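Asker: Handing you this structure, nothing more for now.
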Amino acid sequence: MTNALLIAFAYLLWQVADNWLGWQTFTRPLVLCTLTGLMCGDITTGVIIGAELEAVYMGVSAIGGEAPSNYQAASVLAVGFVVLSGADQGVGLALAVTVGTLINAVKPFTQAIALALHPWFMKIAETGNVRKFRIAMWLQVIFVSQLLNTIVVFLVALGGEAGLQGFISICPAFIINGLNASANMLVVVGLCLTTQAIWNGATTVMYVILGFVAVKYLALGTLPLALIGIVIAFAHFQNSYKLAQSRSASAIGTQTQEGDDFYE
Numbered sequence: 390m391t392n393a394l395l396i397a398f399a400y401l402l403w404q405v406a407d408n409w410l411g412w413q414t415f416t417r418p419l420v421l422c423t424l425t426g427l428m429c430g431d432i433t434t435g436v437i438i439g440a441e442l443e444a445v446y447m448g449v450s451a452i453g454g455e456a457p458s459n460y461q462a463a464s465v466l467a468v469g470f471v472v473l474s475g476a477d478q479g480v481g482l483a484l485a486v487t488v489g490t491l492i493n494a495v496k497p498f499t500q501a502i503a504l505a506l507h508p509w510f511m512k513i514a515e516t517g518n519v520r521k522f523r524i525a526m527w528l529q530v531i532f533v534s535q536l537l538n539t540i541v542v543f544l545v546a547l548g549g550e551a552g553l554q555g556f557i558s559i560c561p562a563f564i565i566n567g568l569n570a571s572a573n574m575l576v577v578v579g580l581c582l583t584t585q586a587i588w589n590g591a592t593t594v595m596y597v598i599l600g601f602v603a604v605k606y607l608a609l610g611t612l613p614l615a616l617i618g619i620v621i622a623f624a625h626f627q628n629s630y631k632l633a634q635s636r637s638a639s640a641i642g643t644q645t646q647e648g649d650d651f652y653e
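Start counting the sequence shown at 390; every next residue gets the next number (the working numbering).
Structure follows, in structure tokens:
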């Protein structure tokens with residue numbers, strides 16, 4: 390019960406904090422898992438899971454404002470499953486992503502309640518009472534937008550703590566291995582979607598090949614590879630910036646020369 394309450398509180402707290410402060414990325418998987426890991430007493434695991442989930446969801450676009458999965462719920466549940474329930478990281482990750490997708494089923498109910506309250510908000514706005522409108526907004530954020538999702542997260546965490554341990558204890562090894570493999574595939578698919586989003590022809594292909602060789606054959610770790618990426622990105626930016634300046638100066642020179650010919 391205590392663990393489930395902690396996971397649900399972490400979900401609600403950082404959702405409300407992001408609304409209050411104006412989207413400080415508290416709800417992104419990398420940040421949210423780290424903060425949840427800190428609250429659960431294992432920030433290292435939180436950072437690791439957050440990095441994996443960020444790779445999964447970074448390339449997923451919310452087309453028309455609709456995200457295919459509630460990655461905030463998946464983030465806190467993944468950390469909760471692994472840190473508090475003692476689940477294997479791959480199993481916890483795969484199950485949390487699945488639950489995050491299922492939680493989207495309650496979204497139509499939340500939207501229906503929000504739409505029903507719309508006339509009330511309009512009446513408050515027409516009165517010009519800023520304080521009353523601000524209070525109504527916060528009530529809507531806490532009790533309408535996030536409360537139902539928080540309850541679902543709590544129930545999943547409550548049932549998952551005992552249910553997940555029981556599932557792991559009786560589950561055959563090949564299913565656990567399959568869940569681990571699927572969790573790794575989720576990360577790969579996420580990275581592929583991100584690469585597709587930033588695709589720039591042959592240049593991107595060369596960077597992908599370079600990264601593969603550096604990891605597979607040179608056995609470089611994450612930190613040195615990231616530093617190499619920063620150097621390459623900075624050099625690419627400088628070259629692009631200088632090229633843009635050169636083209637701009639050339640265009641201005643051409644226009645000036647044409648103007649002089651006109652008056653001759």
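Heads up, the beta-carbon is just placed ideally off N, CA and C, and yes, glycines get one too.
No experiment lies behind these values; they were computed from the predicted model shown.
Does the beta-carbon distance from Val486 to Ala463 come in below 8 Å?
Answerer: In this structure, Ala463 lies closer than 8 Å to Val486 by Cβ.
Asker: Would you please state the rounded distance, in angstroms, between the beta carbons of Asn538 and Val488? I believe it to be under 8 Å.
Answerer: 11 Å between Cβ atoms; not a contact.
Asker: Does the beta-carbon of Thr593 have 16 or more other beta-carbons within 10 angstroms, so that it is buried, or is it exposed?
Answerer: Classification of Thr593: exposed, given that the 10 Å Cβ count is below 16.
Asker: With a 10 Å radius around its C-beta and 16 neighbouring C-beta atoms as the bar for buried, classify Thr611 as buried or exposed.
Answerer: By the neighbour-count rule (16 or more Cβ atoms within 10 Å), Thr611 is not buried but exposed.
Asker: Could you round the C-beta distance between Val530 and Asn408 to whole angstroms and report it? I think they count as a contact, below 8 Å.
Answerer: 5 Å between Cβ atoms; contact.
Asker: Short of 7 Å in beta carbon distance, which residues of its chain neighbour Arg417, apart from the five on each side in sequence? Order them along the chain.
Answerer: Same-chain partners within the cutoff: Glu443.
Asker: If I measure Cβ to Cβ from Val604 and keep anything under 7 Å in the same chain, skipping five residues before and after, which residues do I get?
Answerer: Contacts found: Leu614.
Asker: So for Trp412, helix, strand or coil by DSSP?
Answerer: Looking at Trp412 - three-state DSSP - the assignment turns out to be coil, as it is neither helix nor strand.
Asker: Can you look up Tyr658 in the DSSP assignment and give me helix, strand or coil?
Answerer: Residue 658 is absent from the model: the chain starts at 390 and stops at 653.
Asker: Would Val465 pass as a contact of Ala514 if the rule is Cβ separation under 8 Å?
Answerer: In this structure, Ala514 does not lie closer than 8 Å to Val465 by Cβ.
Asker: Kindly indicate which three-state DSSP category Arg417 falls into: helix, strand or coil?
Answerer: It is coil, neither helix nor strand.
Asker: Using DSSP with H/G/I as helix, E/B as strand and the rest coil, what is Leu537?
Answerer: DSSP places Leu537 in helix when its eight states are reduced to three.
Asker: Could you have a look at Asn392 and say whether DSSP puts it in helix, strand or coil?
Answerer: The answer is helix: DSSP assigns Asn392 an H, G or I state.
Asker: At 4 residues or longer, and completely inside the stretch 455 to 487: list those alpha helix (DSSP H) runs for me, N to C.
Answerer: Segments of the alpha helix (DSSP H) lying fully in the stretch 455 to 487: 460 to 468.
Asker: What residue range is occupied by the uninterrupted alpha helix (DSSP H) comprising Leu504?
Answerer: Lys496 to Ala505 is the extent of the alpha helix (DSSP H) around Leu504.
Asker: Give me, in chain order, the residues of the same chain whose beta-carbon lies closer than 8 Å to that of Leu424; leave out the 5 immediate sequence neighbours on both sides.
Answerer: Correct list, in chain order: Ala399, Trp403, Phe415 and Gly435.
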